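Protein chains in written order, with the working numbering: chain A, 14 to 428; chain B, 266 to 555; chain C, 333 to 606; chain D, 5 to 336; chain E, 5 to 336.
Beta carbons: idealized from backbone N, C-alpha and C, even for Gly.
Keep in mind it's a predicted model, so treat the numbers as computed, not measured.
Right, one structure below, let's go through it.
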Ligand SMILES: Nc1ncnc2c1ncn2[C@@H]1O[C@H](COP(=O)(O)OP(=O)(O)OP(=O)(O)O)[C@@H](O)[C@H]1O
Ligand SMILES: Nc1ncnc2c1ncn2[C@@H]1O[C@H](COP(=O)(O)OP(=O)(O)OP(=O)(O)O)[C@@H](O)[C@H]1O
Ligand SMILES: [Mg+2]
Ligand SMILES: [Mg+2]
C-alpha cells in the first residue's frame with residue numbers, strides 16, 4: 014500500500030520525510046510517497062483535489078484554518094484509529110479545540126504556533142529600555158523608534174508587509190484583535206469603517222514608515238526572519254516558531270541576544286491577538302487507505318516521533334506547540350529557551366473568542382470562513398499598498414470595506 | 266496538387282488536428298460557459314445554484330477589473346515594445362562580425378530556456394530584492410537608496426522580467442530574418458548612396474516587418490496569459506497595481522475557489538483575447554502573406 | 333560584404349555584444365554562482381566568487397529527489413512533442429500542399445485556441461481528468477501538453493513545408509508513391525531540419541509549461557516545474573538552496589538548448605525567410 | 005506500346021478557361037514537342053496527361069485504355085520535371101530506385117535495374133552521391149534515370165533543360181535525342197527553346213492560349229506555317245511579317261519572309277532601305293533594315309559584310325519562300 | 005566623362021588568389037563586355053570596380069581620379085545586379101527614386117527624373133506596382149531605371165539578362181543596346197552569353213582563371229583569337245580544334261576551323277568522313293561528321309541538305325580562315 018502525502022516545504026516537514034525509515038520499518042506493508050509544495054501551491058492543490066474529490070492524496074497537510082471548514086463539508090475522515098497509545102488528551106487544548114467538531118477529531122497537529130515579540134536584548138540595553146512583562150503597542154512604538162539606527166542599518170521593528178491572507182493579514186488581524194477590533198460584527202458587517210481598524214492601520218503604517226526596514230511591503234515571515242538573523246531588526250513580532258530559528262547559532266548572528274515577550278496589546282484592551290496556527294495532518298473522507306493513513310498520522314504526531322527527533326537531531330528541533338507533555342520535559346526546556354514564552358503565548362490564544370467584541374466567526378489571525386482566503390488576500394493587497402506608500406490609510410480602509418461588503422454579500426452572509 | 270483525390274485526402278489528414286483542437290477548445294469552453302452561469306464555490310458545493318448573469322456582473326464590477334485590463338495591455342505592449350526594439354538592435358549587433366559570436370549567441374538566448382516561475386524567482390530573490398538583490402547592492406555601491414522594485418514599480422518589474430524571458434526569442438527570429446536579407450539588396454542600396462541609417466530604415470526594417478509580425482503574434486498569445494511571474498513576485502499588488510486579467514482569474518479561481526466567477530472571467534478573457542487577436546490580424550496579419 | 337571589416341569596428345562590436353550578452357545572461361550566471369555559495373555568503377552582497385560548496389545540491393537532493401521529476405519532465409516533453417508531430421505533420425502537409433481559401437483562417441483559429449486563459453478552465457479540466465483517471469499520470473500531462481502546443485507545431489511545420497517545392501511530391505506521386513509513402517519517404521526526410529527545430533522549440537515550451545504540469549500532477553507524474561515549486565519560499569535562509577534547485581531545474585533544457593542552438597535558430601524562422 | 009490520345013480535353017481553374025478544347029493523337033514511339041509562349045498551357049496539358057491535374061472535360065486514353073480517372077501512379081507514365089524534383093535526402097542510387105521500391109520490386113531486381121540505368125546514363129560512379137553534390141547535367145541524368153528504370157509507356161518532359169547553361173544544354177539535348185533512339189519510347193517534351201524543338205521533335209505541337217495552332221514535323225512548321233502565329237513563333241530570328249502595299253501586291257493581307265531568305269545588295273533589289281543596327285555574331289550578321297514602304301526588315305547575311313549604319317541597300321526576298329496570309333491570319 | 009583604369013589590380017580571398025593581376029583601360033562611352041567561364045572572376049572584377057570589394061593590390065582610377073579607397077556610393081557608378089536587387093517593399097516609383105532620395109534631391113526633381121526614366125524604359129504605367137507584381141523584363145527595366153536616374157559616370161551590369169527567357173533576352177538585349185546609343189555612357193557588362201557579348205560589345209574582355217586572355221572588338225576575337233582558349237570560347241557552335249597529322253601538316257600543334265568555314269560535298273574534299281547526327285534548325289543544319297584521321301568535326305550548312313545518317317561525305321575547310329596554334333596554345 015502506498016500513501017501519497019501532500020506536505021508543505023517547511024523545515025519540520027522535511028525533517029519528517031528524512032525520518033520515515035522508522036515508520037516503514039514498523040509498517041513494512043506501507044510505502045510513503047511525498048508531494049512537497051510551497052505553502053500557497055499546496056493549499057491550492059489540496060483544496061482543488063478535495064473539493065472535486067480528485068483522490069490524489071491520502072494524507073494532506075492542512076492548516077487549522079481549513080480543518081473546521083472542511084470538516085463541516087464532511088470532506089475529512091474522523092481520526093478515530095490513531096491507536097491506543099496516542100494520548101489525545103495530551104494535545105494542547107487550544108490546538109485540539111481548533112481541530113475538532115462536535116468533539117470529534119478531524120486532524121492531528123504536527124506542530125503549532127502562536128505569536129510573540131522577539132527582541133534584541135543588547136539593543137534594548139543600549140537604548141536603556143526594558144521590555145515590560147505585558148508590553149503595550151504604545152511602548153512598542155516608542156521603543157522601535159528609539160532603537161532605529163538607519164546608519165547602522167538597524168530597523169527598530171520588522172513586521173510583515175507582504176500581501177496575503179496568511180502574510181500581512183495574519184499579523185494585522187491579530188494586531189486588530191489586540192486593538193479591540195474585529196473583522197465582522199454579529200451581522201457579518203465588515204468593520205473596516207470602525208475606529209479600531211483605522212487606529213490599527215494608522216499605527217502600523219506610521220510605525221513601518223518610522224522604524225521599519227527597506228522594502229517592508231514585500232517582507233513576509235521569511236524575509237523578516239532573515240533580517241532578524243542578520244541583526245537588522247530590533248524587534249520582530251511573529252510566529253513563535255521563529256524563536257527556534259533566531260536562537261539557532263548556526264544561522265543567526267544574534268542567537269544569544271534574543272529576548273521574548275508576549276504579543277502586545279493596546280492600552281486597556283485585554284487581548285493579545287489570539288494568534289494560533291497549526292499544521293495538521295488529515296485524511297480525505299473518501300480515502301480507501303484510511304487505516305494506513307491514520308497509522309502514519311499517528312506516528313508522525315506521536316510522542317514517539319518527538320523522541321525520535323530529539324534523539325536524532327536534538328531537542329531544539331522537535332516540532333513544537335502540540336503537546337503539553339513537551340513543555341513539561343526538562344530536557345526540552347533546557348535546549349529551547351523559548352519554550353516557556355511559546356507555551357505562554359499558546360495558552361493566551363483563544364480562537365473561539367478572537368476579539369473583545371462579539372464575533373460570528375472563529376479563528377485568531379484569520380476568519381474561519383471559506384471566503385477569507387480571497388477576501389483576506391485582496392484586503393492584504395490594499396494594506397500592502399499603504400506600506401509601499403502607494404495608497405493612503407483612509408483610501409485603503411474605504412476600499413477594503415467596499416470589497417468586503419461586496420464579497421460577503423455575494424457569498425450570502427449579508428442578506 | 267490539385268486532383269480531387271488529393272484534395273479529399275488532404276481534408277482527411279487535417280481532420281485529426283482540427284478535431285482535437287476543437288475538442289480541446291469546445292469542451293472546456295462549454296463547461297466554462299455552463300459554470301459561468303452557476304453559483305459554484307468549490308469550498309461550498311452545497312450552495313450550487315443557477316446564477317444568471319451574476320457571475321459576469323460580479324467579475325465585471327470587481328474593483329480590480331478595469332485596472333486588470335489596463336495592466337494586461339501594459340504588460341503586452343510594454344514587453345512587445347522592449348522585445349521588438351531591443352530584439353532588432355540586438356539582432357543588428359549580433360549580425361556584426363565579432364569574436365566569439367557563437368558563445369555570445371548562446372548567452373543571449375539562454376533566458377528563453379528558463380521556466381517562468383524560476384525566472385521570476387531568480388529576479389525576485391537574486392536581482393531585484395531590495396535587501397539582498399544585486400541591483401540593491403549596486404545601488405548601495407553607488408551611494409543610492411536601493412529601489413524596492415516590486416513595491417514601487419510593480420508593473421515595470423513584471424514587464425522587465427517577462428521581457429527578459431522573451432527578448433531572446435525576438436532576437437533569434439529577427440536575427441534569422443536579418444540573415445536572410447539578400448546581400449545584393451544591401452549592396453544595391455549602398456551603390457545608391459544610402460548610408461547605414463538609411464539602409465536600416467529603407468531596406469532592413471521593411472525586410473524585417475514579417476518577422477516582427479511573427480514575434481508580435483506569438484508573443485501576444487503568451488503575454489496575454491502571463492500570471493506565474495506575477496504570482497511569484499508581487500501577487501498582483503501592491504493594491505491591484507500588477508494584477509492582470511489572467512491573474513485576476515487566477516485569484517478568483519484558486520484563492521476564492523469561486524468556479525462560477527472564474528468561469529465568467531474566463532469567458533470574458535476569451536472574448537477580449539479574440540478581440541485582440543482580431544485587431545492583431547487586421548493590423549499586422551497581412552504582413553504574413555507577403 | 334567581402335570588404336575588410338576594420339579590426340577596430342570588430343572590436344567595438346565584440347565588446348558591445350559581450351557586454352550586453354553578459355548582462356542578459358547575468359541572472360542565470362549569478363544563480364549558478366550563488367548555488368555554490370553558503371547561505372550566509374549568498375546574502376552577504378554581490379560577489380562572483382563562490383566558496384565552491386556543493387552542500388546546497390546535497391541538501392536539495394536530500395529534500396526532494398531530483399531524478400524522478402527530471403525523468404518525468406523528459407518523458408512528458410518528449411512524448412508530447414512526438415505525438416504533436418505525428419498529428420501535425422499530415423495536417424501541415426494538407427495545409428501547405430492543398431490549401432483552400434480557409435487554410436489561413438484555420439491556422440489563425442488554431443493559434444487563437446492558445447489564448448484561452450488556462451486557469452479559467454482548470455476546474456472543468458480537473459473534473460475531466462479525474463473522471464478519466466488521468467490525474468497525476470504522465471499520459472495525462474502528455475496529452476495536455478500535446479494539445480497546448482499543437483497549434484504552434486502545426487504552424488511551424490506549415491511554414492516549413494511551404495518552402496518545399498511541390499514538384500518533388502508530384503514526382504513521388506508519378507513514381508507510384510501513395511500519399512502516406514509520399515509523406516513518410518519524401519516529405520518528412522526533406523523537412524528534417526524544420527521538423528528538428530520544431531521539435532526543439534516544442535520541447536522547450538513543454539519543459540517550461542508550469543500551469544498544467546503543477547496542477548494536474550501530484551507525485552507520480554510531477555515534473556521539474558513541480559520540483560521547483562517545493563523550493564520557492566521555505567523558512568530560513570534559502571537563497572543558495574533556491575539557486576541550486578533552480579540550476580537543477582533549468583540545467584537540462586539549457587544544455588540541450590546550447591547544443592542545438594543552430595537547429596533551433598533555423599526553426600524560429602516561422603517562414604520569415606522569403 | 006505508348007499511344008496517347010486526348011479527346012475534347014478542356015481545363016479550367018475556377019472560372020478561367022485555360023484549355024478551351026484540345027484533340028491530339030500521339031503515336032507509339034513518337035517524339036512530340038509542345039511549344040508556345042509562356043502561359044499558353046503547355047505545362048497544364050502535360051500535367052493533365054500525367055494525371056497531376058483533373059481534366060474539366062473530355063477524355064485521355066493511353067494505349068487505348070481510358071485513364072481519365074486513373075491516379076498518376078497508375079498511368080504508367082514517367083515525368084522529368086523542370087527542376088528535376090530529385091529527392092535531396094536520397095543518394096543517386098535511391099533516387100533512381102525509388103519508383104521500383106514503390107512498385108515493390110525485389111532487392112536484386114532493383115539493384116540490377118538501377119545499375120543498368122546508371123550505365124546507360126554514365127552515372128555509375130556517382131551512385132553514392134546526393135543530388136546536392138552533382139552538377140546540373142548530372143542531376144538531369146538522374147532525373148531521367150528515375151524515369152527510365154520503370155520502362156514507362158511514355159516519358160513526359162517539362163522544360164528539362166531550361167535550368168542549364170547554354171553549353172550544357174547543347175550536350176544534354178544530344179543525349180536526350182540519343183536516348184530516344186535507343187529506347188524508342190513515346191516522349192512528350194515541353195520547351196520554349198527553338199533549337200530544342202526543331203532538333204528533337206518528330207512532331208511539334210504549337211500551343212497558343214490553350215489552343216493547338218498547328219501540329220507537324222519541324223520542317224513542315226518551318227516551311228509551311230499554318231498561320232501568322234506559327235510563322236512568327238517558329239524560326240530565329242523571327243520571320244519578317246509585312247503588311248500594306250507589298251502584301252497587297254501578292255494578293256494577301258500579310259506576307260512573311262524569313263531573314264535568311266532575303267538577299268542584300270548595294271545596287272539593286274525589290275525593296276530599298278536604310279541600314280539600322282547590325283548585330284555581328286562573327287558567323288552571321290543580323291541586319292536591321294528600315295525598308296521604304298515596307299517597314300523594318302531583318303536580314304541574315306554571312307559573317308563578312310561591310311555595311312555601315314545609315315547606308316542605303318536593296319533587299320530581294322526569295323519569291324519561292326514567301327508566305328502569304330489572309331485577313332484571318334491563316335496561310336493562303 | 006567615364007574612363008576607368010585598372011592598374012595591377014589583384015584580389016585574393018584569404019590565401020586563394022582570384023585575380024592574379026589585371027590591367028585594363030576603358031575609354032569614355034565604351035561598351036565593354038566581360039566574358040569567361042563560370043568562376044573566372046568576372047563578377048569579382050566588376051565588384052572591385054564598384055567598390056563592393058577591396059582590392060588586395062593595385063589601383064583603380066575613374067576619370068583619372070584614384071578611387072581605390074573610395075566607398076562605393078562615392079564612385080559615381082551605378083550597378084545592375086543579376087538578381088536586380090529591387091527593394092521588394094517599395095513601389096516601382098520608389099525603387100527608381102531611391103538613389104535620388106538618398107542624394108537629397110527635392111521632391112519635384114525626383115518626380116521629374118523618375119518619370120523621365122520611366123518614359124524612356126516604358127514603365128510609366130507600372131509606377132505604382134511592387135516588384136513582385138512585375139514580369140522579369142519589367143523588373144530588369146526597373147533595375148536599369150534605378151541606375152540611369154542618377155546619371156552615373158558608368159554602368160556596371162552583372163549578367164542582367166541571365167534570369168530571363170530566351171525571347172525576352174533578345175528584346176532586352178536590343179533595349180540595352182539602344183540605351184547605350186542614347187546615353188553614350190560607359191558600360192561594363194558581364195555575361196556568359198555569346199550572342200550578348202558579340203552584339204553588344206565595343207570591346208570584349210575574355211577572362212579565364214582571373215587572367216585577361218584577350219581584349220578586343222567582337223570581330224577581332226572571332227577572327228583572330230589570341231589563343232586556344234579564346235578560340236574555343238568565342239563562336240557557336242564551337243570551333244573545331246584538330247590535333248595530329250592534319251595539324252602537323254600546317255606546321256602547328258593544333259589547328260582550328262569554325263563549323264561555318266567548312267564546306268561539305270558528297271564527292272570530293274580534303275577530309276573524308278561519315279555523317280552522324282544532323283540537327284535541323286530549318287535555317288541551318290548542324291552536321292556532326294566523324295572524319296577519318298581527324299576526329300569529330302561539326303559543320304554548319306544551309307537549311308536544305310539531304311544527307312542521311314551513316315552516309316560518306318567529304319569536308320573542305322576554308323584555308324583562309326584556318327587558325328593555327330603552337331604548343332603553348334598561342335596563335336601562330
Ligand atoms: N493552379 C492554377 N490556378 C489558376 N491558374 C493557373 C493555375 N496553374 C496555371 N494557371 C494558369 O494557366 C495558364 C497556363 O499555365 P501553364 O503553366 O500551363 O503555362 P506554360 O505554357 O507551361 O507556361 P511556361 O512556359 O511559363 O511554363 C497560365 O495563364 C497560368 O496562369
Ligand atoms: N567571398 C569569396 N571568398 C572566397 N572565394 C570567392 C569569394 N567570392 C568569389 N570567390 C571565388 O572567386 C572566383 C571568381 O568568382 P566570380 O564570382 O568572380 O566568378 P564569375 O566569373 O562571376 O562566375 P559566374 O559566371 O559563375 O558568375 C570563384 O572561384 C569563386 O569561388
Ligand atoms: Mg510551364
Ligand atoms: Mg558572376
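Per DSSP, the bridge partner or partners of residue i
i	result
residue 209/E	38/E and 219/E
residue 2/D	Since the first residue of chain D shown is 5 and the last is 336, residue 2/D is not available in this structure.
residue 290/A	126/A
residue 442/A	What is shown of chain A runs 14 to 428, which leaves residue 442/A out entirely.
residue 306/E	288/E
residue 160/E	83/E and 192/E
residue 275/E	319/E
Residue i versus residue j - alpha carbon distance
i	j	result
residue 41/D	residue 209/D	12 Å
residue 156/A	residue 399/A	22 Å
residue 500/C	residue 539/C	35 Å
residue 248/D	residue 257/D	7 Å
residue 266/D	residue 64/E	48 Å
Per-residue contacts from residue i into chain C (C-beta, under 7 Å)
i	result
residue 92/D	522
Selection from the options that minimises the alpha carbon distance to residue i
i	options	result
residue 420/C	395/C, 484/C and 385/C	484/C
residue 122/D	96/D, 136/D and 137/D	96/D
residue 532/C	339/C, 549/C and 588/C	588/C
Proximal residues of chain A, C-beta to C-beta of residue i below 7 Å
i	result
residue 367/C	Under the 7 Å cutoff, chain A gives no residues; its nearest Cβ is about 18 Å from residue 367/C.
Chain D residues whose Cβ lies nearer than 9 Å to that of residue i
i	result
residue 421/C	The contacting residues do not exist; residue 421/C stays about 16 Å from chain D at best.
Residue i: contacting residues in chain E (beta-carbon distance under 7 Å)
i	result
residue 365/B	The contacting residues do not exist; residue 365/B stays about 20 Å from chain E at best.
- Query: Between the segment 318 to 331 of chain B and chain A, which residues of the former have CB atoms less than 7 Å from a CB of the latter, in chain order?
  - Reply: For the segment 318 to 331 of chain B, the set of residues with a beta-carbon nearer than 7 Å to any beta-carbon of chain A comprises 323 and 328, in chain order.
- Name, going along the chain, the residues of the segment 497 to 513 of chain C whose beta-carbon falls closer than 7 Å to a beta-carbon of chain D. Near chain D, meaning a CB-to-CB distance below 7 Å, the residues of the segment 497 to 513 of chain C are 497, 499, 500, 502, 503, 505, 506, 507, 508, 509 and 513.
- Item | Contacting positions in the segment 290 to 313 of chain B - beta carbon closer than 8 Å to chain A | Listed in sequence order: 306, 307, 308, 309, 310, 311 and 312.
- Determine which residues of the segment 41 to 71 of chain D have a Cβ less than 9 Å from any Cβ of chain C, and write them out in chain order. When CB distances to chain C are screened at a threshold of 9 Å, the residues of the segment 41 to 71 of chain D falling below it are 51, 54, 55 and 56, in chain order.
- Compile a chain-ordered list of the residues in the segment 250 to 269 of chain E whose CB is closer than 7 Å to at least one CB of chain D. For the segment 250 to 269 of chain E, the set of positions with a beta-carbon nearer than 7 Å to some beta-carbon of chain D reads 262 and 264 in chain order.
- Just by C-beta distance, which residues in the segment 446 to 465 of chain B are closer than 7 Å to chain E? Against chain E - using a Cβ distance shorter than 7 Å - the residues of the segment 446 to 465 of chain B are 447, 449, 450, 452, 453, 455, 456, 457, 458, 459 and 463.
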